[in-house]
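Colleague: Per this note's numbering, the sequence shown starts with residue 196, numbered consecutively.
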Amino acid sequence: MTATHDLLALADRYLLKTYKQPPLVIERGEGCRLWDSEGRCYLDLYAGIAVCALGHAHPALVRAVSEQVARLGHIANYYYNDKQIELAAELCRRTGMDRVFFANTGTEANEGALKLVRRYHWARNDRERIEIVSTWSSFHGRTMGSVTMTGQAKYWEGFGPPLAGVSHVPYGDLEAMRRRVHDRTAAVIVEPIQGEGGVLPAPPGYLTGLRHLCDERGALLIVDEIQTGVGRTGKFLAVQHEGVVPDVVTLAKGLAGGVPIGAFLVREHLASALAPGTHGTTFGGNPLACAASLAVLRTLDDADLLAHVTRTGTHLLTGLEALVKKHPHAATEARGRGLLVGLVLAEGIDPRGVLNAMRERGVLVSQAGERVIRLAPPLIITEAEIDEGLAALDAVLQDPPRTAPPTKH
Ligand SMILES: *Cc1c(COP(=O)(O)O)cnc(C)c1O
Numbered sequence: 196m197t198a199t200h201d202l203l204a205l206a207d208r209y210l211l212k213t214y215k216q217p218p219l220v221i222e223r224g225e226g227c228r229l230w231d232s233e234g235r236c237y238l239d240l241y242a243g244i245a246v247c248a249l250g251h252a253h254p255a256l257v258r259a260v261s262e263q264v265a266r267l268g269h270i271a272n273y274y275y276n277d278k279q280i281e282l283a284a285e286l287c288r289r290t291g292m293d294r295v296f297f298a299n300t301g302t303e304a305n306e307g308a309l310k311l312v313r314r315y316h317w318a319r320n321d322r323e324r325i326e327i328v329s330t331w332s333s334f335h336g337r338t339m340g341s342v343t344m345t346g347q348a349k350y351w352e353g354f355g356p357p358l359a360g361v362s363h364v365p366y367g368d369l370e371a372m373r374r375r376v377h378d379r380t381a382a383v384i385v386e387p388i389q390g391e392g393g394v395l396p397a398p399p400g401y402l403t404g405l406r407h408l409c410d411e412r413g414a415l416l417i418v419d420e421i422q423t424g425v426g427r428t429g430k431f432l433a434v435q436h437e438g439v440v441p442d443v444v445t446l447a448k449g450l451a452g453g454v455p456i457g458a459f460l461v462r463e464h465l466a467s468a469l470a471p472g473t474h475g476t477t478f479g480g481n482p483l484a485c486a487a488s489l490a491v492l493r494t495l496d497d498a499d500l501l502a503h504v505t506r507t508g509t510h511l512l513t514g515l516e517a518l519v520k521k522h523p524h525a526a527t528e529a530r531g532r533g534l535l536v537g538l539v540l541a542e543g544i545d546p547r548g549v550l551n552a553m554r555e556r557g558v559l560v561s562q563a564g565e566r567v568i569r570l571a572p573p574l575i576i577t578e579a580e581i582d583e584g585l586a587a588l589d590a591v592l593q594d595p596p597r598t599a600p601p602t603k604h
């Protein structure tokens with residue numbers, strides 16, 4: 196086995212430096228625990244960015260993937276495969292949507308949704324309707340279409356002309372949407388809770404208001420549930436808390452518990468917009484990823500995970516609120532829903548420093564937005580494990596790492 200320092204040297208030599216990793220190589224996981232190449236154990240409160248819904252090495256996922264790869268791993272979409280068909284039916288049943296296209300990642304799901312809504316209006320001879328309205332501080336992915344819809348300039352700067360016809364308005368501001376959405380708007384795209392943007396939930400009534408607005412103006416509503424979907428907030432989709440039915444829903448992250456998959460789900464009136472040959476993917480909907488996803492969905496039911504997420508999510512949020520009360524100079528707010536919650540750090544507290552201090556205490560969390568600590572643990576996490584994470588956070592906030600004071604001119 197290669198020693199850790201040799202691996203780190205190889206990483207330094209051969210990987211493109213698009214990430215800023217700490218010098219740590221994760222080798223193994225089980226449940227909510229991860230182990231690095233030095234044998235150190237960590238409590239995982241970020242789940243590979245809200246992906247590992249069943250934690251690590253869950254027996255149901257291991258069994259489904261092992262059996263499937265031994266039976267049939269890939270055939271492309273020249274032919275049907277049983278697992279893709281079963282998964283499509285399951286997803287429609289759980290979401291109230293009618294049809295599914297399978298991709299491999301979140302950005303691809305959003306890219307497909309974008310193509311679909313434009314093509315929908317085009318096919319109806321409404322050919323001026325190409326505009327997409329998104330929100331500031333949103334995150335929709337990294338391919339050119341998705342990154343243009345992403346409402347954060349740092350993600351698109353320097354990559355050439357952005358996709359034409361895409362604009363942004365402040366998140367949660369229905370009036371701003373009302374001013375922007377008109378008869379050339381193809382669709383509005385929105386997250387029920389802005390994940391990467393800082394775990395920012397939509398204000399109550401916002402999604403319902405967007406649904407009405409889109410209906411009134413003939414625009415479509417795309418809801419990006421890539422981070423919030425598949426039970427993360429205590430319902431299968433976060434929009435189900437408000438009873439909103441979008442025209443398009445995109446999923447990825449937790450959908451197959453760590454095996455790459457993405458999907459966009461549509462209502463029947465959109466189904467004919469993408470005729471044979473107009474959209475496709477080689478890997479999307481492969482039996483391996485679909486078998487993994489079916490195992491995730493079955494486990495959601497068998498372990499009654501939606502109720503579990505609601506219960507443990509309340510426990511987590513309550514615990515974080517107590518920390519805000521106890522350390523008002525370090526943290527100002529706890530927010531989120533289910534097991535997607537954020538702790539907003541006070542001005543002057545260094546989020547990277549908090550991440551590092553947590554890691555030194557054996558707990559892995561992630562950052563979202565400018566100064567939010569995001570907790571998005573596996574959906575199977577126990578209250579005891581949450582308490583362990585809260586205790587580490589309590590200790591770190593006691594004497595929080597501060598940002599360097601601004602240099603005087
Ligand atoms: C992660 C994420 C994406 C992009 O997914 P990838 O699989 O990284 O391409 C898009 N939208 C939201 C809301 C996300 O959280």
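Note that the Cβ used here is the ideal one computed from N, Cα and C, for glycine as well.
For Glu580, which residues from the same chain have a beta carbon less than 7 Å from its beta carbon, with the 5 sequence-adjacent residues on both sides left out?
Modeller: Cys227 and Leu238
Colleague: Would you decide whether Pro398 is buried or exposed? Buried here means 16 or more other CB atoms lie within 10 Å of its CB.
Modeller: exposed
Colleague: For the candidate residues Trp230, Leu203, Ala204 and Thr213, whose alpha-carbon lies nearest to that of Leu559?
Modeller: Trp230
Colleague: Could you check whether the region 446–459 touches the region 243–258, counting it as contact only if at least three pairs of C-beta atoms, one from each stretch, sit closer than 8 Å?
Modeller: Yes: the two stretches touch, three or more of their Cβ pairs being nearer than 8 Å.
Colleague: Just to confirm my understanding: we take Val539, look at its own chain, exclude 5 residues before and 5 after, and list those with CB closer than 6 Å. What are they?
Modeller: Thr527, Glu528 and Val567
Colleague: Have a look at Gly393 and Ala563 and give me their C-alpha separation to the nearest angstrom.
Modeller: 5 Å
Colleague: Leu460 to Thr445, Cα distance in whole Å?
Modeller: 6 Å
Colleague: Within the continuous beta strand (DSSP E) that includes Trp351, where are the two ends?
Modeller: First-last for Trp351: Ala348 to Trp351, but that is the alpha helix (DSSP H), not the beta strand (DSSP E).
Colleague: Can you tell me which of the three DSSP states Ser329 falls into?
Modeller: strand
Colleague: Specify whether the region 338–345 and the region 302–321 touch according to this definition: at least 3 beta carbon pairs, one from each stretch, less than 8 Å apart.
Modeller: Enough Cβ pairs lie closer than 8 Å, so yes.
Colleague: How big is the Cα-Cα spacing for Pro357 and Ile325?
Modeller: If you take the alpha carbons of Pro357 and Ile325, they lie about 14 Å apart.
Colleague: With three or more C-beta pairs closer than 8 Å as the rule, is the region 350–370 touching the region 289–300?
Modeller: no
Colleague: Look up Val454 in the DSSP assignment and give the residues it is bridged to.
Modeller: Note: Val454 sits in a beta bridge opposite Gly452.
Colleague: Going by DSSP, name the residue or residues bridged to Thr505.
Modeller: According to DSSP, Thr505 bridges with nothing at all.
Colleague: Is the separation between the beta-carbon of Gly346 and that of His363 shorter than 9 Å?
Modeller: yes
Colleague: Cβ atoms of Gly584 and Leu570: under 9 Å apart, would you say?
Modeller: yes
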